[in-house]
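Residue numbers (my numbering): 486 to 1287.
Pasting the structure below:
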């Protein structure tokens, strides 16, 4: 019996790349395109391929794309239009130049050629541009451009030559599902059974996924560019140019060019995209392009009077956070989604197709792709009204200033804590995480509760210092309602968690276990806490962004067991009382003995607080004596009525997540998605203490970790502090040893207790950290630094356990 193929739905450049890479590996594959290969967004894309991205994953994918496009024509005989023309990136402000320098530093770390330019040098790469309002730029010589339609067809031809079944005019009307497995696709002419389905149908992906109850939250928005020419001085050898502060790109095309814009707000395409729209465009919206055209003439005066060849208004699918989907949706088997490219589809597709092919071949993810994982989204984000509001903003994010902690402004207020109004009364400056509105910090001393961005100290610095000091010396109150809560129940719950988790889970009722969940290779799937509520019941608490992800990991781990997991996040409000004064205040309102001997660290108790009984966990993410109080949401107001007077009398400070992040960095606590990922093992993170190596039955990933422990690790997560007390770190800076870049900071902040910028990084390890002169390049300065294997603050954890 012939093996069932991998069915790739969508013949744009994303699907064509997957089919090419699968077929090249000898895998049976069918590529199904509803119209013609290269349709959808691909045919009207600009085709620029920039290599350096702010993450290693995205950079690796774009580098792989560029290398593939450069050799593809010789292999297939179908032209791709590839030209190594380079990229010229312009900066009008010092803040923008800092962001470009930070990008350049990452490029050099990852062995990509890049040079910083003066304004005069910028003009040397594109004669005739206006430079009097520039402060500098970047030159990336190995970037390039392609003809997107031709490249998609070249990939499809390559797939054919390797044996793929490539079909045009093959419209998929729905996916086919049996239980949790996607088993095939239904065409107008019948059903094709599949070993795997890869959904790469661009703006049609959301509707097709919905036919099997899967949410792929993306939405089409209008994206404009104009083809002008001839333009005096233009030729195909000029680089692709980006004027970020105007939201513009210039892509040479013979003696003309394409002038495109990523505007601050775009217009969602609210119509349902019909299949026959594949090679069509929307009506030109010239008024919407008046300002970009003026700004384009400002930068390149030769554009003035250049005739218009073509005005393009094409729909592109965008996601709620301006990052693509690449991965397996929650609750499904046999389905991978590759969609929502947010205008970077050409640059990403070559490498992303290879990554998906490796995934299909190995039947598991080959590397960390959390920032693209579909499980980062929540169900509410699939609502059309939410998507239309949010994607109108996300198109413009591409060229906006990449400020640290930048907050999106649209589709806000969807998820609110039961204490939301109380925080606003106290001056909360709100940010958003997984849709939750939660305090970033609290404005004090008459300062307006307003966001402010910068690479250095912002007006929030003094307020965050107050909050951090309260947590270290008094009491800080954190609203932790946004933390995801999952309840696991059933006769097999403990045994199943024993296999899923690295720690020993066979603990008494009332114990809290901090643990990792790993894949077969010992790489992180998550780190979280479990509280044993009863012999057959557990409460898991994890980060807000991991709500769907961790629910899915646990649900898959319980398959075939007499146990189930239920998301109870919305049913519980959570307050964190953190700091050396927290015990006295809590003891006063509950009347219980909370001494360390009566209520030790990593234990849980039910405490009466006025008319409410709270589940209190003796845990702390900030590294101090502290308690998490979980109460049913409908009892949150009653809890606050009792707690608030006692907290105010004790001088407690409300605190936000900027302070929490800074405090956990001082303690050397890694965060999932930044410091801990599926590219990192428990041993590399210095968290081998989470592993119960000899527990009966072992745990998933144990053998791989034992092998790594025997062989030794080659990299290790460390804490980095700056010698100069002034600069702030944000994550993404490059760490140097003896003048050579060795790592990027996975996260960063300011340690108000130790009075230094602080971050984390994976550095080379050979039984220890090599000696040398360490420094961090902030983009503004090269600052001497120190590397710590142990936490800079309370490394023994005495304050946490006292």
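Virtual Cβ for every residue (Gly too), placed ideally from N, Cα, C.
Mapping DSSP to helix, strand and coil, what is residue 1084? coil
Continuous beta strand (DSSP E) assignments of at least 3 residues falling wholly in the stretch 1168–1248: 1200–1207, 1219–1222 and 1225–1236
What whole-angstrom Cβ distance do residue 1163 and residue 853 have, given they're in contact under 8 Å? 4 Å
Could you compute how far the alpha carbon of residue 1198 sits from the alpha carbon of residue 1173? 12 Å
On the CB-based measure, 16 or more other CB atoms within 10 Å of its CB, does residue 603 come out buried or exposed? exposed
Since I believe residue 707 is in contact with residue 643 (beta carbons under 8 Å), could you give me their beta-carbon distance rounded to a whole number of angstroms? No, residue 643 and residue 707 are not in contact; Cβ-Cβ is about 32 Å, not under 8 Å.
Option nearest residue 743 by Cα separation, candidates 710, 829, 1120 and 722: 710
How long is the line joining the alpha carbons of residue 597 and residue 1210, rounded to whole angstroms? 32 Å
Rounded Cβ spacing between residue 1013 and residue 1035 (contact assumed at less than 8 Å): 6 Å
Tell me whether the beta-carbon of residue 624 lies closer than 9 Å to the beta-carbon of residue 608. no
How should residue 1165 be labelled, buried or exposed, when 16 other C-beta atoms within 10 angstroms of its C-beta is the threshold for buried? buried
Buried or exposed by the 16-neighbour rule on C-beta atoms within 10 Å, applied to residue 504: buried
With DSSP as the reference, label residue 1060 as helix, strand or coil. strand
Within 10 angstroms of its Cβ, does residue 1151 collect 16 or more other Cβ (buried), or is it exposed? buried
Looking at residue 1207 and residue 1241, is the spacing between their C-beta atoms short of 9 Å? yes
Whose CA, out of 543, 568, 544 and 541, lies closest to the CA of residue 554? 568
In angstroms, rounded to a whole number, what distance separates the CA positions of residue 530 and residue 610? 24 Å
Nearest to residue 904 by CA position, among 1139, 587 and 1276, is which residue? 1139
Measuring only the C-alpha atoms, how far is residue 748 from residue 588? 22 Å
Any chance the stretch 819–831 sits against the stretch 800–811, with 3 or more Cβ pairs inside 8 Å? yes
Count the other C-beta atoms from every protein chain shown that fall within 10 angstroms of the C-beta of residue 1275, then say buried if there are 16 or more, exposed otherwise. exposed
Could you name the residues that DSSP lists as bridge partners for residue 796? 711
Ordered list of beta strand (DSSP E) runs contained in the stretch 723–803, each at least 3 residues: 725–728, 733–738 and 741–746
Cβ-based neighbour list, residue 1286, same chain, cut-off 8 Å, excluding 5 preceding and 5 following: 1081, 1085 and 1086
Measuring CB to CB, does residue 1022 end up less than 9 Å from residue 972? yes
If you run the structure through DSSP and keep just helix, strand and coil, what is residue 611? coil
Cβ-based burial, residue 681 [other Cβ within 10 Å; buried from 16]: buried
Quick one: Cα of residue 486 to Cα of residue 678, how far? For residue 486, the predicted structure reports a pLDDT of 46, less than 50, and the residue's modelled location is therefore unreliable. The matter cannot be settled from this model.
In angstroms with no decimal places, state the Cα-to-Cα distance between residue 523 and residue 787. 33 Å
Rank 1063, 1194, 1049 and 902 by C-alpha distance to the C-alpha of residue 1057 and give the top, closest one. 902
Please state the DSSP three-state secondary structure of residue 1291. Lying before the first or after the last residue shown, residue 1291 is absent from the chain, which here runs from 486 to 1287.
Which residues does DSSP list as the beta-bridge partners of residue 943? Answer by DSSP bridge pairing: none, since residue 943 is not bridged.
Going by DSSP, which residues form a beta bridge with residue 1003? 1009
Please confirm if the stretch 1181–1195 is in contact with the stretch 1212–1229, defined as three or more CB-CB distances below 8 Å between the two stretches. no
With three or more beta-carbon pairs closer than 8 Å as the criterion, would you say the stretch 686–693 touches the stretch 766–779? no
Three CB pairs or more closer than 8 Å across the stretch 1128–1147 and the stretch 953–964: yes
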